[in-house]
């Protein structure tokens, strides 16, 4: 191959014939920004960010589509190119929620908000699951501007959540077409493509239908390669980028495809292809269902044994001892063993040793069968055995009841296990290794990649222990039978695996219902029991993306509410309790209003409630109302509000106004599309000052800039917003030396001073925000500690994200 | 005119199944059916060995292709400069109100489709519109009412 010599930005660079200018630059370690170039795809030239100047070539060719040639002199960084790139980016991002990219406080803010908030809509980087790995962000930070001043075209209508597994947000799309190009590369005929044109252009399937109705097989490659947050894996996206990737094999069907296990902090958070080629393509089960089944909250995580006639959590020793006792007593044809084909060769061989040693009757359930498929003659005879050992979910409750003595081993909890005398938790998938024989007879060895979440142990090891306790020999030379696989799950959505170890996969992965898979009803949620009269929702209005105004019928609370107080809301009887400021109330009509910002499960559940539906709990008014007498001598009051705080300052402004004060309200939002309550605040204040971080409405900056500029003219100030916003304002407060307050919103459980979860440090003293607060001196609160305490449950909060209904209970 | 878009003896089968013949084939479909139906896209996908998404991407790029069955009559309102100055905006608004549809849509009874065109070249007749092949000029609202009543 011929070596070419180029000069790029004055640097002598060598390249191989056939390389593009972009590849030559990258090979030499030189940076040229680009969003649509992809190492596994052919040059495309869509994003126009890799424009360069080349001596002898007209205009500004794109480096990704220009072949490198001998003697080329390339410039990548002239002022002209930079201006062109900046304007290209601005055009590209006019609908993109990009305020964080130009925000002066970005670094400061992100040092407080270390992980993005789990919002329903990604209205800025700090609410975008793609933030840790975003290509747009890394290209745009420092070179994105709003020079042209294009109108912001962000719209919540461009978010699509109607498909299984995949969330789409077309606001974030840069039309690089990597998704469609990857789809074409892997499947020849792409299921998605750029449709329409101009401002209406978007990635879609034919006629813009849901992908599940069209040619898409949900291999997930588009999601994995999307450089932005447009295409995301609804289930795993909030875990952040994995720290380890381990190559393994999928164990959901006999095809046993190679799979990449994506691990973060020792936990399996996602799965993906081992490389971007046709042979490595996964089916929807391998790509999306695997981690959901593996991490299911229905997993059986500890052993149980009957001790003194009662089922109780037991140690492994006690459990195996009990099991061995039952098995030993049932030797000589008095034992029935049921297991499944889809277990490792070691496990199947162990089962064989056990049945030989104990002369037991044995049924091996074929791949893909469930408890309903247990042969009738076997089921009829269950009661005639002294004991039954069942590995997997192969006994209906009815059949389990027939067993005189039952040892149940499974990876999940089932109803039939209530009849068991010994309960053994299996380690499965990435938790355990093993040998598997594929359909050609060749062996696949899988090693464990993560530690079990609980006390689960590999089934082969459990069997070996039992054999030892029973003093039974191991006989080598086990020959596994071939497992038949019908259809190709990679091409046909109807041929996806439906069963794993006797359990229906859709039981753990509700989205599979969209593929026509059925659930057993085994885990149907129990309806929570409500005490007293439920609280009717009279209205739910989306004020801005992620911001819901809930008007709730609560006559008692409306009667007693005072400015500054909050209430604890629960969407359903088994939801989390979370505090929200009472934004408005009417004692005569008997309603209260809350503005709820969607940042996680609880707020998403509340936001998803429609008018006419009910909330399980609305308990309040709580907290100490603002003591207005402390402002008796004050004439001018400055109220600062950000995010949910915009609504929280409303009742304060109204009361101050009533008391004859001059009230100035300064509100901040990242961008114009996140502002709300402007007219309402104008009604109750003398002046409303609007600040946006990207300058798309009012003036550029935050509320603390207003505080810094005119704070000296006021007798007192109150700031309410996110921890970062209040922290910014507290810095100003320390300088002004005048009265300043904030309202705190820590994690809270009872809201009456019992649990202590809402502990905050104010001026070195420990206070409970629920009873001593919510108001504290703005300049004295330890905001760093508050931020730390608020993020104490961040991983559990991701686990709890609303996926029970396929995650579709987000906004709208 | 055949209305069966999924007819297996589709006329576009005369085109060689090469990508460069996709647009001519689409034009033929539209000529025949008046629009490009989902069934036609499916049949084209089979014939050209392309995905439906691929074909939809092409069809949706060009303004000339329609996705909905046009009404029995098509009204095209001129939005050229001369017509604009002489109030074609009001004309269009009145039509939308009267028909209860937006531009590019067809009345639920399938009788009338409403469109706008950039210029009919009949500036002397401003404001002008075309119903099927007939040009109406110097229109007023009462006249519009009369024309609509006569459409059956």
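Residue numbers (the working numbering), protein chains in the order written: chain A, 395 to 1206; chain B, 57 to 208. Quick reminder that beta carbons are idealized off the backbone N, C-alpha and C, glycines included.
{"Item": "In the DSSP assignment, find the unbroken beta strand (DSSP E) run with residue 1036 of chain A in it and report its ends.", "Value": "1030-1036"}
{"Item": "For the alpha helix (DSSP H) containing residue 1044 of chain A, list its first residue and its last residue.", "Value": "1039-1052"}
{"Item": "Considering only residues of the same chain and omitting the five flanking positions on each side of residue 847 of chain A, which have a CB-CB separation below 7 angstroms?", "Value": "693 and 695"}
{"Item": "Give the range of the alpha helix (DSSP H) segment to which residue 501 of chain A is assigned.", "Value": "500-506"}
{"Item": "Hey, residue 776 of chain A and residue 787 of chain A are a contact pair by Cβ (cut 8 angstroms); roughly how many whole angstroms apart?", "Value": "Going by Cβ atoms, the distance from residue 776 of chain A to residue 787 of chain A rounds to 15 angstroms, so no, they are not a contact pair."}
{"Item": "Using only the alpha-carbon positions, how far apart do residue 594 of chain A and residue 913 of chain A sit?", "Value": "39 angstroms"}
{"Item": "Counting only Cβ-Cβ distances shorter than 7 angstroms, please list the residues of the region 584-607 of chain A near chain B, keeping chain order.", "Value": "584, 585, 586, 587, 588, 589, 590, 591, 599, 600 and 601"}
{"Item": "Going by CA-CA distance only, name the one from A/887, A/984 and A/917 that's closest to residue 898 of chain A.", "Value": "A/917"}
{"Item": "Are the CB atoms of residue 97 of chain B and residue 112 of chain B nearer to each other than 8 angstroms?", "Value": "yes"}
{"Item": "At what residues does the beta strand (DSSP E) containing residue 562 of chain A begin and finish?", "Value": "560-563"}
{"Item": "Would you mind reading off the limits of the beta strand (DSSP E) that contains residue 1238 of chain A?", "Value": "This structure gives no information on residue 1238 of chain A, because the portion of chain A shown stretches from 395 to 1206."}
{"Item": "Measuring only the C-alpha atoms, how far is residue 1009 of chain A from residue 1189 of chain A?", "Value": "26 angstroms"}
{"Item": "Assuming contact is defined by CB atoms lying nearer than 8 angstroms, are residue 1156 of chain A and residue 1177 of chain A in contact in what I supplied?", "Value": "no"}
{"Item": "Give a yes or no on contact between the region 858-868 of chain A and the region 750-758 of chain A, applying the rule of three or more CB pairs nearer than 8 angstroms.", "Value": "yes"}
{"Item": "Exposed or buried, what is residue 93 of chain B when buried is set at 16 or more other beta-carbons lying within 10 Å of its beta-carbon?", "Value": "buried"}
{"Item": "Taking the alpha helix (DSSP H) that residue 148 of chain B belongs to, which residues open and close that run?", "Value": "144-155"}
{"Item": "Can a CB atom of chain B be found closer than 8 angstroms to the CB of residue 609 of chain A?", "Value": "yes"}
{"Item": "Starting from residue 97 of chain B, find everything on chain A with Cβ-Cβ shorter than 9 angstroms and list it in chain order.", "Value": "600 and 601"}
{"Item": "How should residue 1141 of chain A be labelled, buried or exposed, when 16 other C-beta atoms within 10 angstroms of its C-beta is the threshold for buried?", "Value": "buried"}
{"Item": "Using a C-beta cutoff of 8 angstroms, does residue 158 of chain B count as contacting chain A?", "Value": "no"}
{"Item": "How close, in whole Å, do the beta carbons of residue 424 of chain A and residue 449 of chain A come, if the pair is a contact with beta carbons under 8 angstroms?", "Value": "At roughly 17 angstroms, the Cβ-Cβ gap does not stay under 8 angstroms, so residue 424 of chain A and residue 449 of chain A are not in contact."}
{"Item": "What residue ranges within the region 586-672 of chain A form continuous beta strand (DSSP E) runs of no fewer than 3 residues, ordered along the chain?", "Value": "587-589, 596-598, 625-627, 638-643, 652-658 and 661-666"}
{"Item": "Verify the CB distance criterion: does residue 60 of chain B have a CB-CB separation below 8 angstroms to chain A?", "Value": "Low confidence applies to residue 60 of chain B: its pLDDT is 44, below 50, so where it sits in the model is not reliable enough to give any reading."}
{"Item": "Pull up the distance between the alpha-carbon of residue 904 of chain A and that of residue 915 of chain A, whole angstroms please.", "Value": "11 angstroms"}
{"Item": "Give me the chain A residues within the contact set of residue 113 of chain B, using Cβ-Cβ distance strictly less than 7 angstroms, ordered along the chain.", "Value": "587, 588 and 589"}
{"Item": "Report the partner residues of residue 580 of chain A according to the DSSP bridge assignment.", "Value": "DSSP output for residue 580 of chain A lists no bridge partner at all."}
{"Item": "So who's on the other strand from residue 819 of chain A, going by DSSP bridges?", "Value": "A/804"}
{"Item": "Out of curiosity, what's the CA-to-CA distance linking residue 368 of chain A and residue 986 of chain A?", "Value": "Nothing about residue 368 of chain A can be read from this structure; chain A reaches only from 395 to 1206."}
{"Item": "Mind checking if residue 64 of chain B is an interface residue toward chain A, Cβ cutoff 8 angstroms exclusive?", "Value": "Residue placement at residue 64 of chain B is poorly supported in this model, since its pLDDT is 45, which falls under 50; the coordinates still yield a value, given next. Not one chain A Cβ lies under 8 angstroms of residue 64 of chain B."}
{"Item": "Quick one: which chain A residues come within Cβ less than 7 angstroms of residue 106 of chain B?", "Value": "583"}
{"Item": "So what does residue 710 of chain A bridge to, in DSSP terms?", "Value": "In the DSSP output, where bridge partners are listed per residue, residue 710 of chain A has none listed."}
{"Item": "Thinking just about the alpha-carbon of each residue, which of A/1051, A/1119 and A/589 is nearest to the one in residue 1075 of chain A?", "Value": "A/1051"}
{"Item": "Alpha carbon to alpha carbon, how far is residue 741 of chain A from residue 857 of chain A? Give it in angstroms, no decimals.", "Value": "7 angstroms"}
{"Item": "Under 8 angstroms Cβ to Cβ from residue 152 of chain B, same chain only, skipping five residues before and after it: list those, please.", "Value": "158, 159 and 170"}
{"Item": "What residue from A/767, A/817, A/809 and A/766 has the CA that sits closest to residue 783 of chain A's CA?", "Value": "A/817"}
{"Item": "Within 8 angstroms (strictly less), CB to CB, does residue 1203 of chain A reach chain B?", "Value": "Unreliable positioning characterises residue 1203 of chain A in this predicted model, as indicated by a pLDDT of 42, which lies under 50. A coordinate reading is not provided."}
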